Amino acid sequence: MARLAVISDIHGNHVAFERVLVDIERRAVDAVLCLGDIVGYGPDPKECLDLARKACKLIVRGNHENGVLAPETSENWNPLARAGIAHSRACLAAEDLEYIAKLPLSFIISGQILGVHDSPMPSDHGMNYLRTRTDAAQAFRWLDAAIALVGHTHVPACFATIADPAAVVAPDDVDAYPVAAALQSHAQPQHGAGSRRQRFVSNATFEIPRFGRVIINPGSVGQPRDGDARASYAILDLAKSTVEFRRVAYDIAAARRRTEAAMLPDISASRLAIGA
686 MARLAVISDI HGNHVAFERV LVDIERRAVD AVLCLGDIVG YGPDPKECLD
736 LARKACKLIV RGNHENGVLA PETSENWNPL ARAGIAHSRA CLAAEDLEYI
786 AKLPLSFIIS GQILGVHDSP MPSDHGMNYL RTRTDAAQAF RWLDAAIALV
836 GHTHVPACFA TIADPAAVVA PDDVDAYPVA AALQSHAQPQ HGAGSRRQRF
886 VSNATFEIPR FGRVIINPGS VGQPRDGDAR ASYAILDLAK STVEFRRVAY
936 DIAAARRRTE AAMLPDISAS RLAIGA
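Just remember that our numbering sits 685 ahead of the position in the sequence shown, which is counted from 1.
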């Protein structure tokens, strides 16, 4: 498997998920890997779960899957997240919950690629946020594999280090790639909304170290939070030692209508248009 499509945080947005899979089909990848949070927030958890089961070679369980299995764990989450958990539980059948319960919390490919939902650094709640060089430095201390694939933040990112795995990694030992800036460099302001919209699919490709370790976050398919409303995913090319971050335009108005029809909170629908 030399070319891997990496997706995460679909969050019940079937409209966006379908468009991302269409884009992936054009990119000649060997497999699709999913880093969790297929359900939650959005209107179509069942449809997204069914599609992920068909399209993805490996899937890990995210914190929203855990929330669906054990709703009491989401009691301290924000109201939008709790509403999404309740909606997802209402939409999913017993067999869906059984499938989710059997999903692993991580996967390893050839001893070189680790896939987790939030971070290589373990936690009791599975909700570590890996956003900064400091966060990455802490995570690298738990990473023996050459590559870690993570999601959870809904923001595309890439961190690398050539520090010895046996050494304590400091923030200054971490390179942070300017992923979000590169992906939005061609975006055009949307009139009257202050958000950014792309008229064509954009991408940004970065070389990753052949020696050293790297942490890659593909961003969110269904609910981006970096100010760019387009769906986000990544393609990892192991032969070329590159990672390509892609943004895919989709019918946001249709996704908002579906969210409103599901009687989910208004903000769950409106935030899709501003990538927040």
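Ideal Cβ placement from N, Cα and C applies to all residues, glycine included.
A quick note: this is a predicted structure, and the numbers were derived from the prediction, not measured.
Using a Cβ-Cβ distance cut-off of 8 Å, the stretch 693-705 and the stretch 720-735 are in contact, since at least three pairs of beta carbons, one from each stretch, lie closer than that value.
Ile723: not part of any beta strand (DSSP E); DSSP gives it neither H nor E. Relative to Leu923, the option among Pro894, Arg910, Ala916, Ala938 whose CA is nearest is Pro894.
Thr838 and Ile900 have their C-alpha atoms spaced approximately 13 Å apart. With respect to Arg941, Ala919 sits apart: the two C-beta atoms are not nearer than 8 Å.
At the C-beta level, Trp827 and Pro856 stay beyond 8 Å of one another.
Asp715 is positioned such that its CB atom lies closer than 8 Å to that of Ala687. In the DSSP assignment, Leu754 forms no beta bridge with any residue. Residue burial is scored here from C-beta neighbours: Glu750 has at least 16 other C-beta atoms within 10 angstroms and is therefore classed as buried. Between Ser759 and Arg767, the CB-CB gap stays under 8 Å. About 5 Å separates the beta carbons of Phe891 and Tyr862, which is inside the 8 Å limit, making them a contact pair. At a Cβ-Cβ threshold of 8 Å, Arg910 and Val859 do not count as neighbours. For Ser791, no alpha helix (DSSP H) run applies; the uninterrupted beta strand (DSSP E) run containing it begins and ends at 791-794, by DSSP. Here the alpha carbon of Val864 sits roughly 13 Å from the alpha carbon of Ser905. Shortest Cα-Cα distance from Ala938 to any of Asp829, Ala914, Ile785 involves Ala914.
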